[in-house]
Each structure stands twice: as structure tokens, then as C-alpha cells.
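Novice: Can you read through this structure? Questions will come right after.
In my numbering, the protein residues as written are 36 to 670.
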């Protein structure tokens, strides 16, 4: 829609004083029916929209002419006349203000804008013809049947119905068709349009021997069947979808998205219908029992630049990604610019700011982080495993074997519970048969055990920000000491680099100084956002204990969180266990010897939790994260 050019300062709708102070109605010029979109809309946009257009900040008299809503139902307060009275220019306030010669003249003289007598006559004729206010052509439905214009064509230029429309408009503008292209030129154009490559001399010679008109239909069929056709068509779509093989921004590391590119090429070569083509890219993962080839197209929504620069705010960039998806959807599928509506109602398209944010909700349901990992090569979540026939068969076999073994263990446990009820005096090594699949050889834990405690004479390293304090569990003084953590300096242990298939556990005493929104108590990872939190961690989050194993947070992880807040200003004992299953139900948290109730936060761990530089347990602090400030730990 055209933009306004100059600012008009005066209100439309001030008191109507002298109806007689206006020029006489114009004689209607000898022109055909007025076209609103090409003749009236540009006129109003150029002379009226600054004060009576889409900008709420400059709109006067609560009159909005760019949409034309309710103009035929509304009267001017001063005169009682209709703003627009179809068929009756003399009763239309819009027309009377335009022809006025006193201080009610619109546009006001001081604006430097005015309508010529011809433009006034066109406006008058448009009202006389019924003042039909069309929506912009791009928002109008395409008619199912259109009459083909009858055009004088003495040279036989028209060869199909579309040519009739083209020639009609050319004749209106005093133009005539150029001479026909030579066969060689036409062949070259067809090759460049359909496959992006010119024909070889041999191909030109071969096609020249095919008689016309069969030649051209055969050329088209031949080019559409060539694999280069999909590549040529995909090149335009990849531009629309902002495709790149790197993340952009400062580090600009390579990213693994070429399978989506190949899918687009295949879709064109397979002549996939456009509705299917669009549906899969916007919501393929929402299809019932979605296959890999239905999920893969949704990479369309993940091709925006992604950030990893140190100090970047994760949530800030996550919101940028959501806006990027929204705006790319508008451009690619609606043919609209939506960016303006991010900050205010769109001035030139019918998109309100509220509509913009309603739309972003559709693109805000991805389990993603705002940053990708600097310390690891992990692909940011969500991700999919590329299919492989051999690997898929082996995976199915192993899953069936695991399921069978799990059932054996469950049967054994049920039998034990029936025949040998557990009591506190039971010995742990007698709880399961020695050949149970879950039995663990203590020798396998060599180098994976540690016990950190401080005696009365213990000292921390010089210049340590942490400090030793008396350890008084259950209000019983002991000769041991605990560490009060600064939140900026970690205590590191030389153990703890467990794999996700290894069962393990750890325990410690904790003292929480106050309710905490977030604090890192213990972790085995290089960093928070800079490494996607890869490893495992015990956090306080929203005052609750949270235990997680992570490949890339948040989409590839298992995590549970206590349902009740952690105790404050008292010592309590925490034990965390993991059974090696890569499932959330394999995580357990115990407080003071009792298993506590937890809720599942994430349950999708499919890749390793090691690597990235964090190979040891650290207490109380993590790079670019919130430490356990003034919290205490012992043993």
C-alpha cells in the first residue's frame, strides 16, 4: 500500500459552517469506470493518510481512510451528513470537504497539498458510481471464473488466454509486443528458467532436429525430469528460508542442516503439491506418527542465525529466533512483512501488534536454547537421528533385548519381595542374585570414589574465596568442618566423569542460606550455556532440588525436580542415584535417607554426557552460571 508523503496538520471533522463556500461540482470527465485500487487509493494515501491513516499517533478526528471501515455508516458530527454517501457526492462529507474553499478545506492549504480539478472529478465520479471500497488486490479472493477479454490482435500474437490479458493492458498503455524470440533464444531461456544452465551446443543441435510445436513440450518435459530442475527451484526457496551452512554471528561455526536442503530438492523433483510442501515445513512434526521424512522438513523453522558469543543472554536470543520464524513465515507463505507489528500495529498491512504476538505463540513451542555450544560440537536441540537401515535394525534388536532383560529383572524383584521381604537388617549384597543384570562389580568403580571431609586442622588454599566453618549436622557439634562457598570459586574433585550408561550415585550434606531461584550445588560439566550444560548437575532451581543428566540442554536430557522447596538454614543430607537407563525414571533423590517426591522436567537423553572439557565434579560454581553463594557443603 502506498506511503504518505507529506504531513497534514488539521483535523477533519471541525464544525461545518458554510456549505455554500465550496466550488461547484465538477463536470464528470469522459473517462471509463474509476478503478479504486489504481486511482482512488493512491490519491487518498498521498493527501489524506498522514492524519487519517494507519498511524495512531498522528490520526485526527478518529477517522481512518486507509481501511474504509464504516465510512458509509458514519456521519460528521457537525453537519449530520454521511462521511461517504455512495451514489451521492453532494451528500458525502468526504467530497464536500475536498471542494470547500474556506477553513474547512481538505487537505488544509497550509499543508501544501491539494487535489487538482481532474482528481476531484475522479473522486466525484467514483462516489457517483457507488464508492466501492476494494481491499488491496493482494487480499482479494481470486475469482473462480474470469471472462477472457476480446482484444484486437491482427498479427496473431495471442496464443493462450493469458496473452489476451497481457495484450489488453499493453494496448491501454500504447505498447505493442516485441518480435518473437528465435528458436535458439527460446531454448536458452527455457534451460535457464528450468535448470539454471544453458544448453550445450550438442543439445541445441539435437533439439533443432525436433519439429515444432512438439519440440517445446518435449523440451519442458525433458527439463522437468532432470535432477537439476529441483536444484534450480530449490535455490530460490533456500533464499526465502534464509538457508546457510553456518550459524552466522561472530563465531559462525558450521552447522549440520544440509539434509533439509536435499529434502527441498527432492520435493521439487517429485512434484510435491505446494500445500503438502508448506505443511511439512511448518508442522511436519505434528503429523500423526510423524516419520523422519515428515520431521526433517521442519528444519525450515531452524535456519535463522544462532548466537554463541560470550556474555549473550540466552532468553534474549531465543526470543529473536521466535520472531525470525514468525517473520519468515509471513514473508514465505503470506507474502507480507510482519516486522513492523513487533513494535506497533502495522501501518501498511492489516496486521495488529496483538496478532503478531498471537502468531509467535505457534513458533514458541520448540525445546531449544538461545545459544549453541561453544565448548562442544553438539547440534542445538531439537535434533533427529539420521536414518540408516543397518543402524535402525540393530537399534530395534538391542531395544528388544533391553526390554526383555528389564522384564527379567522386574520378575526377579517381584519374586524377592514375595519370598524375602526387606528389613533394615538385610544385607545389601543379598538383595539380588549374584548373576542379576544389575549387579555391579566394585572393581569397576576403581578411581570413581571419593570422600571429601575436613578435620579440625584442615586449611583451604591461600587466597581462597571459600572458607571453613564448623560442621554441625542435626545440631550436634563435631570436630569436622564444612565449606562455606563463595559462589565464585569451585571445589574440584578428580573423579566423576561417568558415561550415561553407567549407574552411579553421590551424596553430600547441604546447608542452604536462604530461598534461592538458581544455584549450582554440584556439576560435572564445562559450562552452562557455553557447553549446553553437557554432563550432570545438582541445582537449586526455584527453591527446589533438581538433578539432571544432559547432552544439550534443554532438548536432550533427563531431569527431575523435587516437588517441595529445599530446607533453609539447616543441615540436611542429599543422596542422588542414577541407574544407567538414560531415562528420567532412573533418577532418584533422597533427603535425610528418604526418597523424596520428584516431577519429571525432561525425559529425552539420546547422546553422550561426556566431553567438552568438564571431566571432574565441581562444587559450588560453574562458568557463566549462578554459584551456591554462602551455601555450605560437607562430606
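Beta carbons: idealized from backbone N, C-alpha and C, even for Gly.
Taking the alpha-carbon positions, what's the residue 667 to residue 577 distance?
Specialist: 18 Å
Novice: In whole angstroms, what separates the C-alpha of residue 247 from that of residue 163?
Specialist: Straight-line spacing of the CA atoms in residue 247 and residue 163 works out to 53 Å.
Novice: Scan the stretch 533-620 and note each continuous beta strand (DSSP E) run of 3 residues or more that stays entirely inside, going in chain order.
Specialist: 539-546, 553-559, 570-576, 579-587, 591-597 and 606-613
Novice: Relative to the C-alpha of residue 616, which candidate in 535, 655, 450 and 556 has its C-alpha closest?
Specialist: For residue 616, the nearest C-alpha among the options comes from 535.
Novice: Going along the chain, which unbroken runs of the alpha helix (DSSP H) with 4 or more residues stay wholly within the stretch 264-345?
Specialist: 293-304, 309-318 and 327-330
Novice: I'd like to know if the stretch 219-238 and the stretch 185-204 are in contact, where contact means that at least 3 CB-CB pairs between them fall below 8 Å.
Specialist: no
Novice: Using alpha carbons as the reference points, say which of 647, 571 and 669 lies closest to residue 517.
Specialist: 669
Novice: Using only CA atoms, which one of 581, 111, 492 and 421 lies nearest to residue 625?
Specialist: For residue 625, the closest of 581, 111, 492 and 421 by C-alpha to C-alpha distance is 581.
Novice: Take residue 336 and list the residues in its own chain whose beta-carbon comes closer than 6 Å to its own, dropping the five residues that flank it on each side.
Specialist: 360
Novice: For residue 623 and residue 546, I'd like the C-alpha separation in whole angstroms.
Specialist: 20 Å
Novice: To which residues does DSSP link residue 122 through a beta bridge?
Specialist: Its beta-bridge partners do not exist; DSSP assigns none.
Novice: Between which two residues does the alpha helix (DSSP H) holding residue 133 run?
Specialist: 128-134
Novice: So residue 377 is in the beta strand (DSSP E); what residue range does that whole segment cover?
Specialist: Segment: none, residue 377 is in no beta strand (DSSP E) and carries neither H nor E.
Novice: Just to confirm my understanding: we take residue 661, look at its own chain, exclude 5 residues before and 5 after, and list those with CB closer than 7 Å. What are they?
Specialist: 553, 554 and 555
Novice: Let me know if residue 589 comes out buried or exposed under the rule of 16 or more other beta-carbons within 10 Å of its beta-carbon.
Specialist: buried
Novice: Can you check DSSP and say which residues form a bridge with residue 505?
Specialist: 516
Novice: Compute the Euclidean distance between the alpha carbons of residue 190 and residue 207, then round it to the nearest angstrom.
Specialist: 17 Å
Novice: Assign residue 142 to buried or exposed, taking buried as 16 or more other Cβ atoms, counted over all protein chains shown, within 10 Å of its Cβ.
Specialist: buried
Novice: Taking 8 Å as the threshold (C-beta atoms), are residue 299 and residue 272 in contact?
Specialist: yes
Novice: Residue 400 CB to nearest chain B CB: under 8 Å?
Specialist: In the structure shown, chain B does not exist; there is a single protein chain.
Novice: In terms of residue numbering, what span does the beta strand (DSSP E) encompassing residue 669 cover?
Specialist: 667-669
Novice: Would you grab the beta carbon distance between residue 368 and residue 562 for me? Rounded to a whole angstrom, and I think it's under 8 Å.
Specialist: That pair is no contact at about 38 Å.
Novice: Provide the residue span of the alpha helix (DSSP H) that contains residue 79, from first to last.
Specialist: Element bounds for residue 79: 76-82.
Novice: State buried or exposed for residue 412, treating a residue as buried only when at least 16 other CB atoms are found within 10 Å of its CB.
Specialist: By the neighbour-count criterion, in which a residue is buried when 16 or more other Cβ atoms sit within 10 angstroms of its Cβ, residue 412 is exposed.
Novice: Candidates 334, 106, 120 and 566: which alpha carbon is nearest residue 313's?
Specialist: With distances taken between CA atoms, residue 313 lies nearest to 334 out of 334, 106, 120 and 566.
Novice: Under 8 Å, do residue 386 and residue 373 count as touching if we go by C-beta distance?
Specialist: yes
Novice: According to DSSP, what are the bridge partners of residue 654?
Specialist: 526 and 557
Novice: Between residue 297 and residue 266, what straight-line distance do the alpha-carbon atoms span, to the nearest angstrom?
Specialist: 9 Å
Novice: Among 508, 71 and 118, which one has its Cα closest to the Cα of residue 99?
Specialist: 118
Novice: Could you tell me if residue 655 is buried or exposed, where buried requires 16 or more neighbouring beta carbons within 10 angstroms of its beta carbon?
Specialist: Label assigned to residue 655: buried.
Novice: For the candidate residues 251, 105 and 127, whose alpha-carbon lies nearest to that of residue 115?
Specialist: 127
Novice: Which residues in the same chain have their Cβ closer than 6 Å to the Cβ of residue 665, if we skip the five residues on either side of it in sequence?
Specialist: 548
Novice: Quick check on the burial criterion: 16 or more other C-beta atoms within 10 angstroms. Buried or exposed for residue 583?
Specialist: Buried, because 16 or more other Cβ atoms sit within 10 Å of the Cβ of residue 583.
Novice: Whole angstroms is fine: what's the gap from residue 82's alpha carbon to residue 408's?
Specialist: The straight-line gap from Cα to Cα measures roughly 54 Å.
Novice: Taking residue 339 as the reference, give the member of 302, 278, 293 and 89 with the closest Cα.
Specialist: 278
Novice: Identify which residue in 217, 495, 383 and 418 has its Cα closest to the Cα of residue 243.
Specialist: If we check each option's Cα against that of residue 243, 217 comes out closest.
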